[in-house]
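Colleague: Under the numbering used here, think of the first position of the sequence shown as 8, with each following residue one higher. By construction, the Cβ of each residue, glycine as well, lies at the ideal position given by its N, Cα and C atoms. As the structure is a computational prediction, the values presented were derived from the model and not from experiment.
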Amino acid sequence: MSDNRILFSDKNYRLLMMGQTVSTLGNSVSSFAFFAYTLALTQSPFYAALVSGCVTLAIVVMGIPAGIWADKHRPLPLMLSSTILGGAGICVVVANHFILHAPIPLVLAVAACLVGSATAVFSPAEKAALKTLVSPEHLGQAMAINQTRYSLGTVAGPIFGAFLHSLRPIATFVFDLCTYVFAFCTFKKLQVPDTRADVAENDAQAGYRETLKILRADTVLWAVLWFTPILNFSMSSIFNSAFTQLAGTENGAYVLGVFQTYCGIMGLVGSMAATVLVSRVRGGVGLVATAVGFILSFGGLALVFTTVSCFVFLGLFWLLLPLFNSILSGYFPARIPQRFIGKASAMTTIAAMGFMPAGTWVSGFISERYDPSTVVAATALLFLPATLAFVAHADIRRLSTPTGAGSR
Numbered sequence: 008m009s010d011n012r013i014l015f016s017d018k019n020y021r022l023l024m025m026g027q028t029v030s031t032l033g034n035s036v037s038s039f040a041f042f043a044y045t046l047a048l049t050q051s052p053f054y055a056a057l058v059s060g061c062v063t064l065a066i067v068v069m070g071i072p073a074g075i076w077a078d079k080h081r082p083l084p085l086m087l088s089s090t091i092l093g094g095a096g097i098c099v100v101v102a103n104h105f106i107l108h109a110p111i112p113l114v115l116a117v118a119a120c121l122v123g124s125a126t127a128v129f130s131p132a133e134k135a136a137l138k139t140l141v142s143p144e145h146l147g148q149a150m151a152i153n154q155t156r157y158s159l160g161t162v163a164g165p166i167f168g169a170f171l172h173s174l175r176p177i178a179t180f181v182f183d184l185c186t187y188v189f190a191f192c193t194f195k196k197l198q199v200p201d202t203r204a205d206v207a208e209n210d211a212q213a214g215y216r217e218t219l220k221i222l223r224a225d226t227v228l229w230a231v232l233w234f235t236p237i238l239n240f241s242m243s244s245i246f247n248s249a250f251t252q253l254a255g256t257e258n259g260a261y262v263l264g265v266f267q268t269y270c271g272i273m274g275l276v277g278s279m280a281a282t283v284l285v286s287r288v289r290g291g292v293g294l295v296a297t298a299v300g301f302i303l304s305f306g307g308l309a310l311v312f313t314t315v316s317c318f319v320f321l322g323l324f325w326l327l328l329p330l331f332n333s334i335l336s337g338y339f340p341a342r343i344p345q346r347f348i349g350k351a352s353a354m355t356t357i358a359a360m361g362f363m364p365a366g367t368w369v370s371g372f373i374s375e376r377y378d379p380s381t382v383v384a385a386t387a388l389l390f391l392p393a394t395l396a397f398v399a400h401a402d403i404r405r406l407s408t409p410t411g412a413g414s415r
């Protein structure tokens with residue numbers, strides 16, 4: 008039986024993927040709306056970037072307590088709580104539109120923070136649940152399927168968001184609210200085994216300091232811990248610059264929606280390829296190949312920054328990103344003991360996403376005063392030496408498989 012059939016033969020895994028896919032679609036629609044709606048009403052790239060960055064900022068701020076909660080409590084109640092929290096954030100926007108009429112940037116910033124907090128709570132809880140539902144040898148494949156699920160949402164989300172935005176901007180948020188309700192109802196049917204360690208043992212032995220020791224002891228995880236912040240800073244900075252560039256063209260909202268959908272399609276193709284390659288290609292080969300591709304993507308865009316080049320070079324980036332993520336995402340849970348999985352997930356998420364709002368805000372600030380192409384060129388120059396140092400790491404190049412034997 009193939010890995011995919013083994014995974015989807017489990018009812019709980021199917022329910023988890025179903026809820027995640029629909030929720031991702033809704034989040035993709037509202038993510039488009041956070042940027043496009045703010046930019047359309049304020050005509051300020053900085054305000055649009057500020058609101059978009061609030062989602063990531065909330066993920067970073069809430070990440071530390073969310074990791075502790077994931078190791079102390081059952082994952083399912085946390086997943087349900089996250090859908091309620093995210094739905095509350097979208098309700099803020101909807102209520103303001105019909106009742107409160109407060110300043111749009113303020114309301115969207117508050118809503119973005121709530122949605123980001125929901126993501127912060129869900130992420131470590133989902134990893135804890137996934138490790139109990141999926142055997143170690145199938146974790147890499149499960150993470151590759153996760154990438155495909157994410158790409159499916161991002162393919163349909165932006166273009167559907169652009170369509171809803173053209174009809175009535177608030178419709179994008181109403182749709183996302185419906186997806187939160189669906190995800191909640193789906194997750195309610197899940198049966199996730201409770202494999203928590205004793206709470207006293209967690210308090211005494213599984214603190215963040217001990218978790219950091221485990222991450223530092225694994226040279227691959229440690230390299231990922233310093234490289235992913237640079238990757239995500241560069242990605243958020245360059246993509247925000249591209250969004251600003253495309254939004255300023257004729258029919259900007261439509262072009263922006265098409266671009267995000269195109270990136271989602273490329274990500275979907277990359278995810279489908281990753282589900283095949285992740286179990287057949289040595290992890291080190293995949294990481295080096297994708298990292299070199301990232302350099303070509305950002306470097307090419309810095310040399311030629313036009314509407315067409317945004318599609319070409321950033322499409323290449325989205326094509327390669329799923330394989331990079333699948334290799335590392337499969338390696339991570341297999342190497343981390345169960346009682347540390349929540350805090351380790353929170354630490355890696357904070358490290359990876361902590362610089363994303365900074366990249367978005369820096370891009371918005373410089374783009375408003377100078378030009379988006381300046382941001383792209385400066386970011387590419389920052390990204391190049393960091394990536395070369397990452398691929399020069401011997402343990403990265405020698406990584407044999409995305410998942411390794413790890414303690415449970």
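Provide the residue span of the alpha helix (DSSP H) that contains Ala-109, from first to last.
Modeller: Position 102 of the sequence shown, counting from 1, holds the residue named residue 109. Looking at the DSSP string, Ala-109 is not in any alpha helix (DSSP H), and its letter there is neither H nor E.
Colleague: I need the DSSP call for Gly-214, collapsed to helix, strand or coil.
Modeller: The residue labelled residue 214 in the question sits at position 207 within the sequence shown. Three-state DSSP puts Gly-214 in coil, outside helix and strand.
Colleague: State the CB to CB distance for the pair Leu-263 and Leu-253, rounded to an integer number of angstroms; the pair is presumed to be in contact (CB under 8 Å).
Modeller: Numbered from its first residue, the sequence shown carries residue 263 at position 256. Numbered from its first residue, the sequence shown carries residue 253 at position 246. That belief holds up - the Cβ atoms of Leu-263 and Leu-253 are roughly 5 Å apart, short of 8 Å.
Colleague: By Cβ distance below 8 Å, which residues in the same chain neighbour Leu-303 in space, the five residues on each side in sequence not counted?
Modeller: Mapped onto the sequence shown, residue 303 falls at position 296. Hits under 8 Å: Phe-320, Leu-323.
Colleague: Return the residue from the list Ala-387, Gly-366, Thr-235 that minimises the CA-CA distance to Gly-60.
Modeller: Within the sequence shown, numbered from 1, the residue matching residue 60 stands at position 53. The option with the nearest alpha carbon to Gly-60 is Gly-366.
Colleague: Taking the alpha carbon of Tyr-377 as the point to measure from, which residue in Val-231, Pro-52, Phe-180, Pro-392 has its own alpha carbon closest?
Modeller: The residue labelled residue 377 in the question sits at position 370 within the sequence shown. Cα-wise, what sits closest to Tyr-377 is Pro-52.
Colleague: Is any heavy atom of the ligand ADP found at a distance shorter than 6 Å from the C-beta of Phe-170?
Modeller: The ligand ADP is not part of this structure, which contains no ligands at all.
Colleague: Identify the continuous alpha helix (DSSP H) that holds Ile-237 and give its terminal residues.
Modeller: Locating residue 237 in the sequence shown gives position 230, where the first residue counts as 1. It spans 226-254 - the alpha helix (DSSP H) in which Ile-237 sits, taken as one unbroken run.
Colleague: Can you say whether His-108 is buried or exposed, counting buried as having 16 or more other CB atoms within 10 angstroms of its CB?
Modeller: Looking up residue 108 in the sequence shown gives position 101. The residue in question, His-108, is exposed, as its Cβ has fewer than 16 Cβ neighbours within 10 Å.
Colleague: Quick check on the DSSP output: the alpha helix (DSSP H) that includes Asn-19 runs from which residue to which?
Modeller: Stepping through the sequence shown from its first residue, residue 19 is reached at position 12. Here the alpha helix (DSSP H) through Asn-19 covers 18-49.
Colleague: Are Asn-239 and Met-360 touching if we call contact CB-CB under 7 Å?
Modeller: Position 232 of the sequence shown, counted from the first residue, corresponds to residue 239. Position 353 of the sequence shown, counted from the first residue, corresponds to residue 360. Going by C-beta atoms, Asn-239 is nearer than 7 Å to Met-360.
Colleague: Need the endpoints of the alpha helix (DSSP H) that Gln-198 sits in, please.
Modeller: Counted from its first residue, the sequence shown places residue 198 at position 191. Note, Gln-198: premise wrong, no alpha helix (DSSP H); not H, not E.
Colleague: Any idea what DSSP makes of Gly-7, helix, strand or coil?
Modeller: Examination of residue 7 is not possible in this model, given that the chain is present from 8 through 415 alone.
Colleague: Counting C-beta neighbours from all protein chains within 10 Å, is the total for Lys-220 16 or more, i.e. buried, or is it exposed?
Modeller: Taking the first residue of the sequence shown as position 1, residue 220 is located at position 213. The residue in question, Lys-220, is exposed, as its Cβ has fewer than 16 Cβ neighbours within 10 Å.
Colleague: Say whether chain C places a C-beta atom closer than 7 Å to the C-beta of Val-62.
Modeller: Here chain C cannot be found, since the structure has a single protein chain.
Colleague: Work out the CA separation of Gly-306 and Gly-290 for me, nearest whole Å.
Modeller: Taking the sequence shown and counting its residues from 1, one reaches residue 290 at position 283. Taking the sequence shown and counting its residues from 1, one reaches residue 306 at position 299. Distance between the alpha carbons of Gly-290 and Gly-306 is about 24 Å.
Colleague: Specify whether the segment 94-113 and the segment 173-189 touch according to this definition: at least 3 beta carbon pairs, one from each stretch, less than 8 Å apart.
Modeller: At 8 Å Cβ cutoff, the stretches touch.
Colleague: Would you kindly work out how many angstroms separate the C-alpha atoms of Leu-23 and Thr-381, rounded to a whole number?
Modeller: Against the sequence shown, residue 23 aligns to sequence position 16. Against the sequence shown, residue 381 aligns to sequence position 374. Roughly 42 Å between the two C-alpha positions.
Colleague: Expressed to the nearest angstrom, what Euclidean distance is found between the alpha-carbon atoms of Trp-76 and Asn-258?
Modeller: Your numbering for residue 76 matches position 69 in the sequence shown. Your numbering for residue 258 matches position 251 in the sequence shown. Trp-76 and Asn-258: Cα-Cα distance of roughly 45 Å.
Colleague: Does the distance from the CB of Asp-402 to the CB of Thr-226 come in under 7 Å?
Modeller: For the purposes of this step, residue 402 is taken as residue 395 along the sequence shown, with counting starting at 1. For the purposes of this step, residue 226 is taken as residue 219 along the sequence shown, with counting starting at 1. The answer is yes: Cβ separation under 7 Å.
Colleague: Can you give me the start and stop residues for the alpha helix (DSSP H) that Phe-53 sits inside?
Modeller: Numbered from its first residue, the sequence shown carries residue 53 at position 46. 52-79 is the span of the alpha helix (DSSP H), which, as asked, contains Phe-53.
Colleague: Please report the straight-line C-alpha distance between Gly-33 and Pro-84, rounded to a whole angstrom.
Modeller: Indexing the sequence shown from 1 puts residue 33 at position 26. Indexing the sequence shown from 1 puts residue 84 at position 77. Whole-angstrom Cα-Cα distance: 21 Å.
Colleague: Taking the CB atoms as reference points, tell me whether Ala-125 and Gly-93 lie closer together than 7 Å.
Modeller: Walking along the sequence shown from the start, residue 125 turns up at place 118. Walking along the sequence shown from the start, residue 93 turns up at place 86. Yes, the Cβ-Cβ distance between Ala-125 and Gly-93 is below 7 Å.
Colleague: Does the segment 185-200 come close enough to the segment 128-144 that 3 or more CB-CB pairs lie under 8 Å?
Modeller: Output reads yes: the segment 185-200 touches the segment 128-144.
Colleague: Considering Cα atoms alone, identify which of Ser-243, Met-279, Thr-313, Thr-235 is closest to Gly-255.
Modeller: What you label residue 255 is simply residue 248 of the sequence shown in a count that begins at 1. For the residues Ser-243, Met-279, Thr-313, Thr-235, the minimum Cα distance to Gly-255 belongs to Thr-313.
Colleague: Just how far apart, CA to CA, sit Pro-1 and Ser-370?
Modeller: Since the first and last residues shown for the chain are 8 and 415, residue 1 lies out of range.
Colleague: Mapping the DSSP letters down to three states, classify Arg-287 as helix, strand or coil.
Modeller: Stepping through the sequence shown from its first residue, residue 287 is reached at position 280. Coil.
Colleague: So, helix, strand or coil for Gly-300, using DSSP?
Modeller: What you label residue 300 is simply residue 293 of the sequence shown in a count that begins at 1. Helix, per DSSP.
Colleague: Rounded to whole angstroms, what's the CA-CA distance from Phe-39 to Gly-168? Just pull it up for me.
Modeller: If you number the sequence shown from 1, residue 39 lands on position 32. If you number the sequence shown from 1, residue 168 lands on position 161. One C-alpha to the other measures close to 6 Å.
Colleague: Alpha carbon to alpha carbon, how far is Ser-130 from Ser-316?
Modeller: Mapped onto the sequence shown, residue 130 falls at position 123. Mapped onto the sequence shown, residue 316 falls at position 309. C-alpha separation (whole angstroms): 33 Å.
Colleague: Counting only the same chain and skipping the five closest in sequence on each side, list residues whose C-beta sits under 7 Å from that of Ala-353.
Modeller: In the sequence shown, counting from the first residue as 1, residue 353 sits at position 346. Cβ neighbours of Ala-353 beyond the five flanking positions: Gly-70, Ile-71, Ala-73, Gly-74, Pro-131.
Colleague: Determine the DSSP secondary structure at Leu-388, reduced to helix, strand or coil.
Modeller: Residue numbering aside, residue 388 sits at position 381 when the sequence shown is read from its first letter. Looking at Leu-388 - three-state DSSP - the assignment turns out to be helix.
Colleague: Straight-line CA distance for Ala-230 to Phe-170?
Modeller: Counting from 1 along the sequence shown, the entry for residue 230 is found at position 223. Counting from 1 along the sequence shown, the entry for residue 170 is found at position 163. Distance between the alpha carbons of Ala-230 and Phe-170: 41 Å.
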